[in-house]
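The listed protein sequences derive, respectively, from chains U and X. According to the working numbering, the first sequence is numbered sequentially starting from 15. According to the working numbering, the second sequence is numbered sequentially starting from 13. The beta-carbon is built from N, C-alpha and C at its ideal position, and this holds for glycine as well. Structure first, commentary second.
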Amino acid sequence: MFEARLVSSGTLKKVLDAIKDLLNEASFDCSDTGIQLQAMDSSHVSLVSLSLRADGFDKYRCDRNLTMGMNLASMTKILKCANNDDTVTVKAQDDADCVTFVFESKKQEKISDYEMKLMNLDQEHLGIPETDFSCVIHMPSGEFSRICRDLSQFGESVIISCTKEGVRFSSSGDIGSANIKLAQTNNIDKEEETVSIDLQEPVTLTFACQYLNSFTKATPLSNRVSLSMSANVPLVVEYEIPDLGHIRYYLAPKIEE
Amino acid sequence: LFPQEEIGTYYTPY
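If you want it as structure tokens, here you go:
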């Protein structure tokens with residue numbers, strides 16, 4: 015028996031919004047420690063890694079490890095049937111071929127359940143070693159989202175250049191070029207608005223705007239984001255989901271022409 | 013989109 019309950023359906027909707035741009039379907043691996051998801055986008059350029067801890071749920075039970083392959087468009091249809099403040103419970107029997115979503119309104123006057131067929135997905139998992147990055151940038155997630163959106167008007171790629179002075183995001187194309195520089199800030203009063211850089215050595219890498227913009231669909235999950243970079247390895251964009259877990263996106267850097 | 017390596021070239025499948 016698997017059962018996981020969240021007080022707010024809105025959180026699950028945000029998690030789904032954060033992955034459905036990149037993935038059509040995904041396997042949710044459930045164990046007694048929580049729910050994990052790892053999947054590459056269809057072009058295999060980026061990778062999504064989601065972790066939801068068991069203790070972040072209001073109720074969590076997983077008697078046997080279970081992998082639930084879900085079509086994310088179908089899951090979106092079902093979650094649209096929930097109000098954001100409805101409680102959601104995800105349930106499945108061991109070896110089940112379907113999963114049930116139960117939505118309960120705040121006053122319990124409306125209870126609805128939706129059953130969805132599960133899929134057998136043959137997904138390849140990649141082992142990602144813990145790495146010391148040359149630089150790690152912590153910044154407001156809304157600012158990162160804004161920068162990606164603004165720069166994607168100019169070109170298909172963004173150059174991220176990190177030095178001890180700060181971080182520079184640049185893009186160029188037919189209409190011209192754009193540069194956005196962020197300096198480190200020391201605003202202790204508004205910690206969530208700070209930009210901080212842990213720098214071992216300066217790094218400059220180029221990434222596709224299209225993927226960065228997809229990653230920023232996780233912005234509603236967290237007001238902070240971290241960007242971890244080292245030369246010639248994938249960028250890691252991480253959003254901590256408060257009291258529940260995290261979502262990480264990995265993106266291969268552009269190859270030098 | 014510009015030429016780009018697959019993410020799988022950086023990590024080992026398991």
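Rounded C-alpha distance that separates residue i from residue j
| i | j | result |
| --- | --- | --- |
| U:Ala68 | U:Ile202 | 32 Å |
| U:Asp164 | U:Cys76 | 43 Å |
| U:Val102 | U:Gln137 | 27 Å |
| U:Thr177 | U:Tyr74 | 44 Å |
| U:Val59 | U:Ser22 | 32 Å |
| U:Phe16 | U:Thr25 | 19 Å |
| U:Ser45 | U:Ala106 | 13 Å |
| U:Ala87 | U:Thr145 | 34 Å |
| U:Pro267 | U:Ile125 | 47 Å |
Within 7 Å, strictly: CB atoms of residue i and residue j
| i | j | result |
| --- | --- | --- |
| U:Leu3 | U:Met243 | Not covered by the structure: residue 3 of chain U. The range shown for chain U is 15 to 271. |
| U:Val113 | U:Leu132 | yes |
| U:Ala18 | U:Phe71 | yes |
Paired residues, beta bridge with residue i - DSSP
| i | result |
| --- | --- |
| U:Arg67 | U:Gly48 |
| U:Phe42 | U:Met82 |
| U:Lys131 | U:Cys112 |
Contact with chain X by residue i, beta-carbon distance below 7 Å
| i | result |
| --- | --- |
| U:Tyr264 | yes |
| U:Leu135 | no |
| U:Ser60 | yes |
| U:Glu138 | yes |
| U:Met243 | no |
| U:Gly141 | yes |
| U:Ile269 | yes |
| U:Pro154 | no |
Same chain, Cβ closer than 6 Å to residue i, neighbours up to 5 away in sequence not counted
| i | result |
| --- | --- |
| U:Cys274 | Lying before the first or after the last residue shown, residue 274 of chain U is absent from chain U, which here runs from 15 to 271. |
| U:Ser175 | Arg182 and Thr218 |
8 Å Cβ shell around residue i - same chain, five flanking residues per side excluded
| i | result |
| --- | --- |
| U:Lys27 | Leu93, Ala96 and Asn98 |
| U:Thr47 | Arg67 and Ala68 |
| U:Lys193 | Residue identity differs from the one stated: residue 193 of chain U is Asn in this sequence, not Lys. Hits under 8 Å: Arg182, Phe183 and Ser184. |
| U:Gly187 | Phe168, Gly169 and Glu170 |
| U:Glu207 | Pro154, Thr199 and Asn201 |
| U:Val29 | Leu64, Leu66, Leu235, Ile255 and Ile261 |
Heavy atom of the ligand MN within 6 Å of residue i beta-carbon
| i | result |
| --- | --- |
| U:Ser186 | As presented, the structure is devoid of all ligands, the ligand MN included, so that no description of it is given. |
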